[in-house]
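Q: The structure under discussion is supplied below as structure tokens; questions concerning it will follow.
4 protein chains.
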Amino acid sequence: MTNKRKIINDPVYGFLTIDDDILFDVISHPFFQRQRHIKQLGFTSLVYPGAVHTRLSHMLGALNLMTRALEVLKVKGVDISDEESLGVRLAILLHDVGHGPFSHTSEHTIVDVHHETLTRLFMQRLNVELSTQGHGIHPLDTAIEIFNDTYKKHFLHQLVSSQLDMDRLDYLSRDSFFSGVSEGIVGTERIINMLNVSNDELVVDEKGIYSVEKFIISRRLMYWQVYMHKTVIAADSLLCGLFRRVRELLAKGVPVDGPRFLIDFLSHSYNEASFVDNPELLDHFALIDDNDVMTAVKMWLHHPDIVLSSLASQLVYRHLPAISVSDHPFPSEQIEQMRLLTQRHFGISLSDTEYFVGTGVLKNHAYDFNDQEIKVLYKDGSCCDISEASDQLDRHFLEKQVTKYYFFFPKELK
Amino acid sequence: MTNKRKIINDPVYGFLTIDDDILFDVISHPFFQRQRHIKQLGFTSLVYPGAVHTRLSHMLGALNLMTRALEVLKVKGVDISDEESLGVRLAILLHDVGHGPFSHTSEHTIVDVHHETLTRLFMQRLNVELSTQGHGIHPLDTAIEIFNDTYKKHFLHQLVSSQLDMDRLDYLSRDSFFSGVSEGIVGTERIINMLNVSNDELVVDEKGIYSVEKFIISRRLMYWQVYMHKTVIAADSLLCGLFRRVRELLAKGVPVDGPRFLIDFLSHSYNEASFVDNPELLDHFALIDDNDVMTAVKMWLHHPDIVLSSLASQLVYRHLPAISVSDHPFPSEQIEQMRLLTQRHFGISLSDTEYFVGTGVLKNHAYDFNDQEIKVLYKDGSCCDISEASDQLDRHFLEKQVTKYYFFFPKELK
Amino acid sequence: MTNKRKIINDPVYGFLTIDDDILFDVISHPFFQRQRHIKQLGFTSLVYPGAVHTRLSHMLGALNLMTRALEVLKVKGVDISDEESLGVRLAILLHDVGHGPFSHTSEHTIVDVHHETLTRLFMQRLNVELSTQGHGIHPLDTAIEIFNDTYKKHFLHQLVSSQLDMDRLDYLSRDSFFSGVSEGIVGTERIINMLNVSNDELVVDEKGIYSVEKFIISRRLMYWQVYMHKTVIAADSLLCGLFRRVRELLAKGVPVDGPRFLIDFLSHSYNEASFVDNPELLDHFALIDDNDVMTAVKMWLHHPDIVLSSLASQLVYRHLPAISVSDHPFPSEQIEQMRLLTQRHFGISLSDTEYFVGTGVLKNHAYDFNDQEIKVLYKDGSCCDISEASDQLDRHFLEKQVTKYYFFFPKELK
Amino acid sequence: MTNKRKIINDPVYGFLTIDDDILFDVISHPFFQRQRHIKQLGFTSLVYPGAVHTRLSHMLGALNLMTRALEVLKVKGVDISDEESLGVRLAILLHDVGHGPFSHTSEHTIVDVHHETLTRLFMQRLNVELSTQGHGIHPLDTAIEIFNDTYKKHFLHQLVSSQLDMDRLDYLSRDSFFSGVSEGIVGTERIINMLNVSNDELVVDEKGIYSVEKFIISRRLMYWQVYMHKTVIAADSLLCGLFRRVRELLAKGVPVDGPRFLIDFLSHSYNEASFVDNPELLDHFALIDDNDVMTAVKMWLHHPDIVLSSLASQLVYRHLPAISVSDHPFPSEQIEQMRLLTQRHFGISLSDTEYFVGTGVLKNHAYDFNDQEIKVLYKDGSCCDISEASDQLDRHFLEKQVTKYYFFFPKELK
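Residue numbers (my numbering), protein chains in the order written: chain A, 47 to 460; chain B, 47 to 460; chain C, 47 to 460; chain D, 47 to 460.
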């Protein structure tokens, strides 16, 4: 540890403290800095105008929570070496470094590689690049093992990725804060104070049950009220359609203008192997962010293809598709009829109406029993699952999966 | 007024309420929506990562404060008709609609027209466009008169533009909030509750003196701590240099890639008359925002001109110029010597070093006696200037102008 | 309405505005001002040191929410006359005026009259007293009818008292705020914005479902985490024991020192009829507050009766009883054994051990189906109960009643 | 240090952590717990109803800030041993333990001993009492030396008592928070992060200049807007009058009812020597708090002495004296005339009118040059006073002393 101590103002927690050289160097790296230009919540700011916070601020926030969680665990006597402490902090700092523009939307469109895989690729590159900068050989080894859950202490991975990890704690707090949806506020500090480790599992002290219940409920509410808001779904569908159309046009040899690397990715179907074979691809990917997407969409406003220019116009001028949400699937006749109407209205082929009319499914359950459980630690040393420990949230409630169906179509045909 | 009532979550005030059809229609217009893509504080988020809030959120916030100010003034018996009330709300809603990307930076580089002039051009266009949408003929007439200070009631203009207007009240609160600099927090609600009108002048009730003092101090602190932060100055200088270089290259006939309308503006020297002569120019300007600038700078990374590509690299990879600030002008020998060093280091001509080495001046006084005064209203009906009314802030303090000089140069030559 | 406009700073909402003379006069009356000396949460501050806020601040806060709720309902076209508006604001302002010291504890000990009955007695007295002060004859008539639910518009009563009234909205926000338990924070402003009236019933617009769910969950969590905290239960039991012992001693003719009116009430068993027969009794009751109780307990530290002085010492020196909580009733043998141990330890009679050893029951369900329902209003005008409208909270969850049993005994015998 | 870790919710900072056994034992001691019943701001809650927070919460808050300040200083390489760390935390925890009811009012009336002297007496007693409880011999020795500024490291004392100590930082934040006066909010966390030590002096890093300026301005504004609010001055004058009258009556042999120890103190003129001679006196003093005072005043409502009962009535029924504030002393004729009017109105002797009519002086300067300076540390290691370092606050501003004169008299004679 050095005597350097950088303090960054953060509206959510007041201050973030960066107190180790390698953390500095990772944060300063272009691979990390690019996250300044990727919004944490993509199109959510169309509904909640304050929610323009970046993925960079989330990654710094998650680091901050990790630092505090480690303090708490150490005071409680959990054995964590300095190397492990730094490793788990690097792991959380970098956990989202693989995200591309409009995060989840781009995952299946710009490049069909999961963002966690990209995170691994970025971490490996950084592990090599930072080796030459006075941090010893492969300074991210422990961080990578923790991220991959191959490190001997499993609970360190759980701090980075589990149902109660520092990632979720930060994003729930941060997304509530910036969206102005106070319903999602989580007692982050209290939960962290209640963390403990038992049998190499991250657990919550008995006194923290209420806070964990609140956390589960808040997550569910944020899911429906913010993350899956109808307007966000509509804008996401639109952007997916735009990318699909550009791919289709490029495949046919129709030229489409746009930032060089974005167009390159839309001209190819890169997969994980492509990145391994061609290391430069990662650098190109790193140069694509939200700015390129929004600039490109404006460029497409004047494209001769009427489907592309119409979709672009809808997004640029916020003339989003209408969207209906239902507890039941929409009948296929209703969809077919809408496609016919759309065909007539826009003067396009029936097959092209799929860019304007479509359906989808949203699923959420409060708590995933298949995922890792949240365990409660009692004073007598015994543990049980939160669903058994809680008076409020029984298995019945937690297991209940909510499924919703949506149907989008041109606003003017509403 | 309609029964429609749109509620928008806002992290600063909780909720914003839009309760009139024409306000809706103005907000929905592309001219207004483009402000979603213009950050209120430009490069400030390089220092304060939370400060990525948009000019759109500021304009909505200022509208919210105006609505509350009007309520307060009406309760105090100030005569304000429904038409005036709507007019002044439209005026504040649109007061910043003329800003281009990176607001103040672009004002002298992308186009040499003051943003207030552009605001007027946008308002006039909206006045015509909205006429045909069921809001009567020229529904912005009153708003435009208030904005131009040609309306008979001067205090309405002061609510939009004066030393204590709704613009400043919102931006100080909002900028403090998102940057996480609590020092700038202003008792907005209290100041608004203390507003009054005397002899057609906006005044502050005697009980509000402390709050106004606090407001003046906060503004000064925000100026130095946030708005004029060294890193922000450095990034602004860099962007200005980039635009100047692109103009120079384009003038020489060297092709420079980039979003069409941005390049068009950098290829010409449009002035106010250009917008009058060619109405389409305003639509083109409206299609340029922060996204285009950031995307373009990334495109310039690979430009053959070494000056352009170096500047682009500095901005994209956040390798900003070093910057020194002093109470005295920097000696010309120091500057000359640095230019020589820079010439050698980059292998460029001496004249091109002006893109990497330069100086500037920052000025601020807490309160501008040449600008409109802030007047305090006593219970006996008499008024005086805040500098006389305040125990804390005497003329000596308020008049004091702080001037600082800065000097920027390549970081590697530090 | 007058032009007077009093603004009171409030840490929860920023500002409270009092804008009518009769509201002023009610607030200034000693019957209202006495609530400055009655803590909203009694002994809760033993656990949450910030939670020393007074019932007066709650009553002002509830008035503030009512004022905002009325604005919202009027904008939505609900017919509410100025007289009704003032009536319902007076009703909420006075809804808790009948509380005595340590509110719920004193209700069964100092005087065996429900606090709502006392509220009615105070309102009737104020109705007479204010008649002579320029507010017309019986200015509280409408307020009293609304409070008693005898007014023709039922929804006005529901704003004062129902499962979603301004009382609960304020106390949940306020208690969370001052206790520092962020888990209890409720989106008050959003809920109020979603209120509506349908068929003379207070309802919530469809868009407010999530906020109501969050409100129900928060209430439940606050119940267990704050209101029914073990330490609070222990201190309440202790105070009840103290009052019972004083009554017992006074009944036996043993003199007990203390503030005159407090001792008077503990010497008698006044009921509702006593207040009707002897109007002065209400004035005497109005002179007893938390200060008297805490001062009296300190006086009892030196009383010759060992039971009384021991109980007083436990409370004054915060040497509270130990308390166990269980999902099942405690076996009677366990209780008997503890009473024997206590008898020996303190050298007191077996019957007197009931002051040191005892049991009790705590019950809560999130939502009371027997109480008035929370109804959701759909866009098509139809209504249904929140338990049907919510995806999250089904009847199963809402009906679930949690019952806990507690057992308290001397700490030293733990 | 133990593994015990007590977490207390605090609305200002979120959580307070107590992590050492002796801190626990000090906090649990009746001498400390009595501060639950002493409001931090006395009668200020008459104006700001939220400001009922206790001195106990302030003392815990100041401990919290101290813990954070020590962390910062240690990271910056300041040499602080574990013993010193604990000592300075005990010193700040106990710095206000000597306050009596209504703090500053009681200092000159209930007992004429400065509260710092009483703090020393309490610390010495605790030093002895805690010796026998497993904390070693005289565990408060270091704390007492630091408090008395006899410890070798002067900066530790400055953390407890100086122009920028943890006491002031906490009370400004806390008082702003609970009063709802956002103007007083101070960037506590930033200031603490900027603390440093140079030549055994507590200093502020150069980057903290703006925050210190803001702190000085906030303090000044809080002084006039909150601490010296007219209503607070009026109530304080009234309580002083009440105590003086009770003393006068008791001296004449007229019996006055009230809590035993309060009456004892009002019957005698105890000084520091009395506490030394009679150790029990400290225990008696420790049993007097705000509750006793408010209960006693209610008892005096019915006292036969008309002066006493009138004063009591004014305070209980909040019928406070009128108060005028002026920049100049009030002319003696005005005062004399008011005393004559008062004599006639109440039918009392002219000399007794001094209880109803009187004057006083209020003084404040933002920064006391006679007191310890706030020093700024530059990167080159040099130091200078904030008045030289600041662009905003020059000596002229800082030295300016504001003096105000007040005149109180019966409200009915206004």
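Here a beta-carbon is modelled for each residue, glycine too, at the ideal position from N, C-alpha and C.
Predicted model only: the values in this text are computed from it and were never measured.
Which same chain residues, not among the five before or five after Ser359(C), have their C-beta less than 8 Å away from its C-beta?
A: Leu347 and His365
Q: Which same chain residues, not among the five before or five after His200(C), have their C-beta less than 6 Å away from its C-beta?
A: Asp246
Q: Could you check the C-alpha separation between Met462(A) and Arg236(C) for me, to the nearest Å?
A: This structure cannot settle anything about residue 462(A), because the visible part of chain A is limited to 47 through 460.
Q: From Leu136(D) to Val124(C), what does the alpha carbon distance come to, in whole angstroms?
A: 60 Å
Q: Could you tell me which of His181(D), Gln179(D), Gly180(D) and Leu202(D) sits nearest to Ile190(D), measuring between CA atoms?
A: Leu202(D)
Q: Leaving aside the five residues before and after Met274(C) along the sequence, list all residues of the same chain whose C-beta is less than 6 Å from its C-beta, in chain order.
A: Leu408
Q: How many angstroms separate the CA atom of Leu371(D) from the CA atom of Phe224(D)?
A: Just to set this straight, residue 371(D) is Val in the shown sequence, not Leu. A direct Cα-Cα distance of roughly 26 Å separates Val371(D) from Phe224(D).
Q: Taking its Cβ as the centre, do 16 or more other Cβ atoms sit within 10 Å of Tyr424(D), making it buried, or is it exposed?
A: exposed
Q: Would you say Ile420(D) lies against chain B (beta-carbon separation less than 8 Å)?
A: no
Q: Along the segment 228–240 of chain C, where does the CB come closer than 8 Å to a CB of chain B? Name the residues.
A: Glu235, Arg236 and Asn239
Q: Residues of chain B with a CB under 8 Å from the CB of Asp71(A): which are they?
A: By Cβ distance, chain B contributes nothing, its closest Cβ being about 13 Å from Asp71(A), past 8 Å.
Q: To the nearest angstrom, report how far apart His307(B) and Asn337(B) are at their CA atoms.
A: Sequence check: residue 307(B) is Phe here, not His. Near 13 Å, if we compare the C-alpha coordinates of Asn337(B) and Phe307(B).
Q: Could you tell me whether the Cβ of Arg214(A) comes closer than 8 Å to any Cβ of chain C?
A: no
Q: Using a Cβ-Cβ distance under 8 Å, would Asn427(A) count as near chain D?
A: Note on identity: in this sequence residue 427(A) is Gly, with Asn being the wrong assignment. No - not a single Cβ of chain D is within 8 Å of the one on Gly427(A).
Q: I'd like to know whether the C-beta of His275(C) is nearer than 8 Å to at least one C-beta of chain F.
A: Annotation note: the requested chain F is absent from the structure, which comprises protein chains A, B, C and D.
Q: Can you tell me whether Val118(A) sits near the ligand MG, meaning its C-beta is under 7 Å from at least one heavy atom of the ligand?
A: Although the ligand MG was asked about, the structure shown includes no ligands whatsoever.
Q: Identify each residue in the segment 54–67 of chain D for which the Cβ-Cβ distance to at least one residue of chain A is less than 9 Å, and report them in chain order.
A: Interface annotation for the segment 54–67 of chain D against chain A: Asn55, Gly60, Phe61, Thr63 and Asp65, criterion Cβ-Cβ distance under 9 Å.
Q: Please state whether DSSP places Gln271(A) in a helix, a strand or coil.
A: Gln271(A) carries a helical assignment under DSSP once its states are collapsed to helix, strand and coil.
Q: Under 6 Å Cβ to Cβ from Asn173(B), same chain only, skipping five residues before and after it: list those, please.
A: Exclusion of the five residues before and after Asn173(B) leaves His184 and Leu186 as the residues of its chain whose Cβ lies within less than 6 Å of its Cβ.
Q: Let me make sure I understand the geometry here. Which of Leu312(A), Lys446(A) and Gly427(A) has the alpha-carbon closest to that of Ser436(C)?
A: Lys446(A)
Q: What are the residues in the segment 316–345 of chain A lying within 7 Å of chain B by C-beta distance?
A: Against chain B - using a Cβ distance shorter than 7 Å - the residues of the segment 316–345 of chain A are Leu333, Asn337, Asp338, Met340, Thr341, Lys344 and Met345.
Q: Which ranges would you report for the beta strand (DSSP E) in the segment 50–119 of chain A if only whole runs of at least 3 residues count?
A: 52–56 and 60–64
Q: Which residues, in chain order, does the segment 391–409 of chain D contribute to contact with chain A at a C-beta distance below 7 Å?
A: none
Q: Please report the distance separating the alpha-carbon of Leu205(A) from that of His160(A).
A: 21 Å
Q: Using a Cβ-Cβ cutoff of 9 Å, what residues of the segment 356–387 of chain C are near chain A? List them in chain order.
A: Asp373
Q: Taking the CB atoms as reference points, tell me whether Met240(B) and Ser264(B) lie closer together than 8 Å.
A: no
Q: Suppose you measure from the CA of Ser378(B) to the CA of Val403(B); what does that come to, to the nearest Å?
A: 12 Å
Q: Give me, in chain order, the residues of the same chain whose beta-carbon lies closer than 6 Å to that of Tyr197(B); leave out the 5 immediate sequence neighbours on both sides.
A: Glu191
Q: Sort out for me which residues DSSP pairs Thr405(B) with in a bridge.
A: Phe453(B)
Q: Which stretch, first to last residue, makes up the beta strand (DSSP E) that contains Leu423(D)?
A: In the DSSP annotation of this structure, the continuous segment of the beta strand (DSSP E) that includes Leu423(D) starts and ends at Lys421 to Leu423.
Q: Would you check if the segment 381–395 of chain A and the segment 289–307 of chain A touch, i.e. whether three or more CB-CB distances between them fall below 8 Å?
A: no
Q: According to a CB-to-CB cut-off of less than 8 Å, which residues of the segment 127–145 of chain B neighbour chain A?
A: none
Q: Would you mind listing the alpha helix (DSSP H) stretches within the segment 191–229 of chain A that are 4+ residues and don't spill past its ends, in chain order?
A: 200–206 and 212–225
Q: Closer than 8 Å, CB to CB, is Tyr94(C) near chain D or not?
A: yes
Q: Quick check on the DSSP output: the alpha helix (DSSP H) that includes Glu252(A) runs from which residue to which?
A: Glu252(A) -> no alpha helix (DSSP H), and no H or E assigned at all.
Q: Drop a sphere of 10 angstroms on the beta-carbon of Gly10(A), count the other beta-carbons inside from all chains shown, and report buried for 16 or more, exposed for fewer.
A: Lying outside 47 to 460, the shown extent of chain A, residue 10(A) is not represented and no answer is given.
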